[in-house]
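Engineer: Chains as they are written, first to last, in this note's numbering: chain A, 6 to 85; chain B, 3 to 407. After the structure tokens below, expect a handful of questions from me.
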């Protein structure tokens, strides 16, 4: 039996970030501007907590991207 | 004469609920009372040494053994593990009659030519059947073989792991085997649960003493219970009623955020849609289902069997029947499951005298979806269902579920 298919599942993305954590490149495309950034924390009372720093960005080619940095694993993900 | 094999797994519910935490079972432990009850379930050997018995009130059990560990019951896990074990037994050709989780009987006569050894009488040949069952079950069970079910259960209770107790012969031999055993064994039958105490007060302590009494005298004193007890003590019992071979159809939904209330109802809707879209259903209605859940923070599991008033294939009516059960769940759930226990007859569509265009369109759409699914599987026609639209995490907001037409 296959599980239910969720929408908006995060996918891995290559992000180069500065020392302050600000994304500079997403998939090799330079970041033109940051539209918004927010922090999400949840399930901190369980063994599988979630801590994410989201960034809504515009790249130089005009693409709108939403990426987040998993603050526990250190990986970057794209989410639509 | 029948050749009944009894398989007994002592403390099956307790062991399943404890999972891999064997160190818990080495000390005094008991299954915590079910919601709404005050009585402990199965108890460990160490707890028995403190005088704690299954069915004892929690307060009394704790008074007798203050160090008693309480393990949350896991009815869904027990049902799953038990079903897997029964299916393994059925895979060797056994027509099983499960009595309760941990105790099952089957008649070995039909299996002697298949699994029995080639030499010796039935009693020797049945060892091959027991060995086949042992290989299939892959669990440390105890086996008893006797001409009747009651004697087989008594034999299994006296057996050790890897050493089955086999009572060869017929009714007379079964009666001789049972004769020195205590009348307390009759408690295993719910209809006779009260009888042993009365018999002991009258000085009848063994099944042999009971069998020596005249049946009319027992009927005068105890009614039908007395007659049944005499029949059992004399080495007889009713015929087995094996369960019909079933189909196992189940859908489960993991809930990343412990869910309750509206989210749970939406999750239930997803499960119903997915279950109805399964190819194995083959257009049949559902007569009985089991709704179960894994509770948060290792709170065990919860299980609710539901029999519909009439066999259903309508997702809306199924939701109406099942949603109120969700309110009975004692804690938020991490995982929700819905399994078919029994199918009904195939769904039939009554045609109206005057055809409604909207109904005709719906019917065409439903037929198109049915054909698409037949060709491409249950995921061929999907719709987006908002499970938790207010969640801060986008992946939790919506999922794809089968389009119910």
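The beta-carbon is built from N, C-alpha and C at its ideal position, and this holds for glycine as well.
So, is the C-beta of residue 6(A) closer than 8 Å to a C-beta in chain B?
Structural biologist: Low per-residue confidence applies at residue 6(A): pLDDT is 41, beneath 50, and the placement is therefore not dependable enough to give any value.
Engineer: So residue 1(A) contacts chain B; which residues on that side make the cut at Cβ distance below 8 Å?
Structural biologist: Because chain A spans 6 through 85 in this model, residue 1(A) falls outside it and cannot be assessed.
Engineer: Where does residue 198(B) land, buried or exposed, given buried means 16+ other C-beta within 10 angstroms?
Structural biologist: The residue in question, residue 198(B), is buried, as its Cβ has 16 or more Cβ neighbours within 10 Å.
Engineer: Please list, in chain order, the residues of the segment 390-402 of chain B that have any C-beta partner in chain A closer than 8 Å.
Structural biologist: Correct list: 394, 395, 396, 397, 398, 399, 400, 401, 402.
Engineer: By Cβ distance below 8 Å, which residues in the same chain neighbour residue 317(B) in space, the five residues on each side in sequence not counted?
Structural biologist: Only 271, 274, 275, 278, 406 meet the Cβ criterion.
Engineer: Is the distance from the Cβ of residue 96(B) to the Cβ of residue 70(B) below 8 Å?
Structural biologist: Result no, Cβ atoms of residue 96(B) and residue 70(B) do not sit closer than 8 Å.
Engineer: Take residue 81(B) and list the residues in its own chain whose beta-carbon comes closer than 8 Å to its own, dropping the five residues that flank it on each side.
Structural biologist: Within the same chain, residue 81(B) has close Cβ partners 103, 292, 294, 305.
Engineer: Could you pull out every residue in the same chain whose Cβ sits closer than 6 Å to the Cβ of residue 266(B), ignoring the five residues on either side in sequence?
Structural biologist: The residues are 328.
Engineer: Give a yes or no on whether the minimum CB-CB distance between residue 229(B) and chain A is below 8 Å.
Structural biologist: So no, residue 229(B) is outside the interface.
Engineer: Could you confirm whether any beta carbon from chain A is found closer than 8 Å to the beta carbon of residue 342(B)?
Structural biologist: Cβ-Cβ to chain A under 8 Å: no for residue 342(B).
Engineer: So, is the C-beta of residue 131(B) closer than 8 Å to a C-beta in chain A?
Structural biologist: No, no contact with chain A.
Engineer: Starting from residue 384(B) and walking both ways along the beta strand (DSSP E), at which residues does that stretch end?
Structural biologist: Taken as a continuous stretch (DSSP letters only), the beta strand (DSSP E) holding residue 384(B) covers 384-388.
Engineer: Go to residue 73(A), then tell me how far its alpha helix (DSSP H) extends in each direction, as first and last residue.
Structural biologist: Where residue 73(A) is concerned, there is no enclosing alpha helix (DSSP H), although the beta strand (DSSP E) it sits in stretches over 69-75.
Engineer: Give me whichever residues DSSP pairs with residue 108(B) in a beta bridge.
Structural biologist: In the DSSP output, where bridge partners are listed per residue, residue 108(B) has 7(B), 98(B).
Engineer: Between the Cα of residue 344(B) and those of 332(B), 252(B), 398(B), spot the shortest distance and give me the residue it belongs to.
Structural biologist: Closest by alpha carbon: 252(B).
Engineer: Using only CA atoms, which one of 86(B), 333(B), 181(B) lies nearest to residue 263(B)?
Structural biologist: Comparing Cα positions, the closest option is 333(B).
Engineer: Which one or two residues does DSSP pair with residue 16(A) in a beta bridge?
Structural biologist: Beta-bridge pairing links residue 16(A) to 83(A).
Engineer: For residue 337(B) versus residue 256(B), is the C-beta distance shorter than 8 Å?
Structural biologist: Yes.
Engineer: State buried or exposed for residue 6(A), treating a residue as buried only when at least 16 other CB atoms are found within 10 Å of its CB.
Structural biologist: Residue placement at residue 6(A) is flagged as unreliable, the pLDDT there being 41, under the threshold of 50; the coordinate-derived value follows with that caveat. It counts as exposed.
Engineer: So for residue 43(A), helix, strand or coil by DSSP?
Structural biologist: Looking at residue 43(A) - three-state DSSP - the assignment turns out to be strand.
Engineer: At 4 residues or longer, and completely inside the segment 313-350 of chain B: list those alpha helix (DSSP H) runs for me, N to C.
Structural biologist: The qualifying runs are 317-328.
Engineer: Taking its Cβ as the centre, do 16 or more other Cβ atoms sit within 10 Å of residue 15(B), making it buried, or is it exposed?
Structural biologist: So residue 15(B) counts as buried.
Engineer: When the cut-off is 8 Å and only beta carbons count, does residue 89(B) lie next to chain A?
Structural biologist: It does not; no Cβ of chain A falls within 8 Å.
Engineer: Straight-line CA distance for residue 4(A) to residue 254(B)?
Structural biologist: Outside the displayed span of chain A (6 to 85) sits residue 4(A), for which this structure offers no information.
Engineer: Rounded to a whole number of angstroms, what is the C-alpha to C-alpha distance between residue 50(A) and residue 12(A)?
Structural biologist: Approximately 26 Å, taken between the alpha carbons.
Engineer: Between 101(B), 106(B), 99(B), 134(B), which has its C-alpha nearest residue 115(B)'s C-alpha?
Structural biologist: Nearest option by C-alpha distance: 134(B).
Engineer: For residue 386(B), go through chain A and note every residue whose CB falls closer than 9 Å to its CB, in chain order.
Structural biologist: By Cβ distance, chain A contributes 12.
Engineer: In angstroms with no decimal places, state the Cα-to-Cα distance between residue 391(B) and residue 24(B).
Structural biologist: Using only the alpha carbons, I get a separation of about 42 Å.
Engineer: Roughly how many angstroms separate the alpha carbons of residue 335(B) and residue 297(B), rounded to a whole number?
Structural biologist: So the alpha carbons of these two residues sit roughly 4 Å apart.
Engineer: Spell out a yes or no on whether the segment 73-84 of chain A and the segment 58-70 of chain B are touching, meaning 3 or more CB-CB pairs, one atom from each, closer than 8 Å.
Structural biologist: Result no; under three Cβ-Cβ pairs closer than 8 Å.
Engineer: What are the complete beta strand (DSSP E) segments, minimum 3 residues, inside the segment 239-307 of chain B?
Structural biologist: Here the runs fully enclosed are 251-261, 286-297.
Engineer: In chain B, what lies closer than 9 Å to residue 45(A) by C-beta?
Structural biologist: Going along chain B in sequence order, the residues near residue 45(A) (Cβ under 9 Å) are 394, 395.
Engineer: Can you name the residues of chain B whose CB is closer than 8 Å to the CB of residue 54(A)?
Structural biologist: Those do not exist, as residue 54(A) stays about 12 Å from chain B at its closest Cβ, beyond 8 Å.
Engineer: Using C-beta distances below 8 Å, list every residue in its chain close to residue 85(A), excluding the 5 sequence neighbours before and after it, in chain order.
Structural biologist: Taken in chain order, the residues that qualify are 13, 71.
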